[in-house]
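Numbering-wise (numbering that gives the first Met the number 0), the sequence shown opens with residue 0 and increments by one.
Think of the CB as a built atom: it goes at the ideal place given N, C-alpha and C, for glycine as much as any other residue.
None of these values were measured; they are calculated from a predicted model.
Let me begin by presenting the structure, written as structure tokens, before commenting on it.
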Amino acid sequence: MKNIAIIGSGSWGVALAIHLVKLGNKIKIWSFTEEETNLINKERKCKFLPNVVIPDGIECTTSYKEAIEGSDFIIHVTPSKFTRNIVKEYKKYVTDQPIIICSKGFESDTLLTLDEVIQEEMPNAKIAVLSGPSHAEEVSIAIPTVLVVASKYDRVLKLVQDTFMSSQMRIYTSRDVKGVELGGALKNIIAFCAGVAAGLGLGDNTFAALITRGLAELSRLGVALGGQKETLYGLSGLGDLIVTCLSEHSRNRKAGKLIGQGKTLEEAKKEVGMTIESIDNIEVAYELGKIHNIEMPIVEGVYQILYKNLKPEEAVNMLMNRAKKPED
């Protein structure tokens, strides 16, 4: 049995808690709000997973100290834009526990990945990144799921693999931290684009092209940022891209669909009602593409939709009428 701290009480944090408590572990979740804490502790519910009953062995608290002290490792699963400030608040309670990043995204102000953000705040932290094709709604009800964990520390890889693996969850290991993290962050952008395509009423041909060419874009940028191409064509890149682009569970796809149907960005955010990582990540990926001189026409198109008032139909037309070129 492990004592596990989970920083973040959203759908993914709670789904992982449910999975891990069923394997005999003891879980303490940190939440930002008393409302969510009481809902979990008293009603055994999560507002983001309304059909799930939270089992015994999971406690929720608004105290970092209470959540972290005595834990064997920490799962960090907060929205990317809050990561640095939250880490600043809880790092004083961390001793030598590994930190497993389960959030996906960038810090928009600095263009840093989340492992870089946490490493800046805690230079001695032993960090891993857990990612792959996984919707919280399915993990919470034990639908078979396969993920990959990356770390430069063999002990941490073994810890995560041993703790998480079951007949419902298979864990592969990798040393390519950057590749695994970038796959999870960048795929949200293409999922948003898939939603736009769905909102426009486009078909299977378009989705297949979008996934394929989107993967080419995210892998070009991922390699430029230090990831390995093989990793980006694995679970955390291609795998997560497929599940996020095609599933109605995906909040990024849902937000894009609303934009494709003519809703404003603010209307889409309000209707989704949860953090939409892709919206912040689109601007980051666009900037990183420019910095590294990477050709990313899909990212550029969706950037113009969100920030330059380009109509989605015009973005599709722009992409389809680009200059002739070989496939690469």
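| Check | Outcome |
| --- | --- |
| Taking the alpha-carbon positions, what's the Gly7 to Lys46 distance? | 13 angstroms |
| Return yes when at least one heavy atom of the ligand ATP lies under 6 angstroms from the C-beta of Lys103, else no. | Ligands in the displayed structure: none, and consequently the ligand ATP is not present. |
| Note down, in chain order, each residue of its chain lying with its Cβ closer than 7 angstroms to the Cβ of Cys101, except the 5 sequence neighbours on either side. | Trp11, Leu15, Ile74, His75, Val76, Leu129 |
| Taking all protein chains shown into account, do 16 or more other C-beta atoms lie within 10 angstroms of the C-beta of Asp175, making it buried, or fewer, making it exposed? | buried |
| Would Gly350 pass as a contact of Val195 if the rule is Cβ separation under 7 angstroms? | Absent from the structure is residue 350, since the part of the chain shown begins at 0 and ends at 327. |
| Given this structure, state the Cα-to-Cα distance separating Gly56 from Leu110, to the nearest angstrom. | 38 angstroms |
| By how many angstroms is the C-alpha of Lys125 removed from the C-alpha of Gly69? | 17 angstroms |
| Could you give the residue range of the beta strand (DSSP E) that holds Tyr306? | From DSSP, Tyr306 is part of no beta strand (DSSP E) but of the alpha helix (DSSP H) over 296-306. |
| Three Cβ pairs or more, each shorter than 8 angstroms: is that satisfied between the region 15-34 and the region 138-145? | yes |
| Enumerate, from N- to C-terminal direction, the unbroken alpha helix (DSSP H) stretches of 4 or more residues contained entirely within the region 205-287. | 228-231, 239-245, 250-259, 264-271 |
| Can you check DSSP and say which residues form a bridge with His75? | Ile6, Ile100 |
| Hey, would you say Pro132 sits closer than 7 angstroms to Val51, going by beta carbons? | no |
| Among Val93, Ala184, Glu265, Arg212, which residue has its Cα nearest to the Cα of Pro325? | Arg212 |
| Around the C-beta of Arg250, are 16 or more other C-beta atoms found within 10 angstroms, so that it is buried, or is it exposed? | buried |
| Let me make sure I understand the geometry here. Which of Thr274, Gly226, Phe31, Ser79 has the alpha-carbon closest to that of Tyr63? | Phe31 |
| Can you find a C-beta in chain D that's less than 7 angstroms from the C-beta of Gly69? | Protein chain content of the structure displayed is limited to a single chain, and chain D is not contained in it. |
| Can you list, in chain order, the residues of its chain with a C-beta nearer than 7 angstroms to that of Gly23? Leave out the 5 residues immediately preceding and following it. | Met0 |
| With contact counted as at least three CB pairs below 8 angstroms, one residue from each stretch, are the region 178-191 and the region 217-229 in contact? | yes |
| How close, in whole Å, do the beta carbons of Asp71 and Ile3 come, if the pair is a contact with beta carbons under 8 angstroms? | 6 angstroms |
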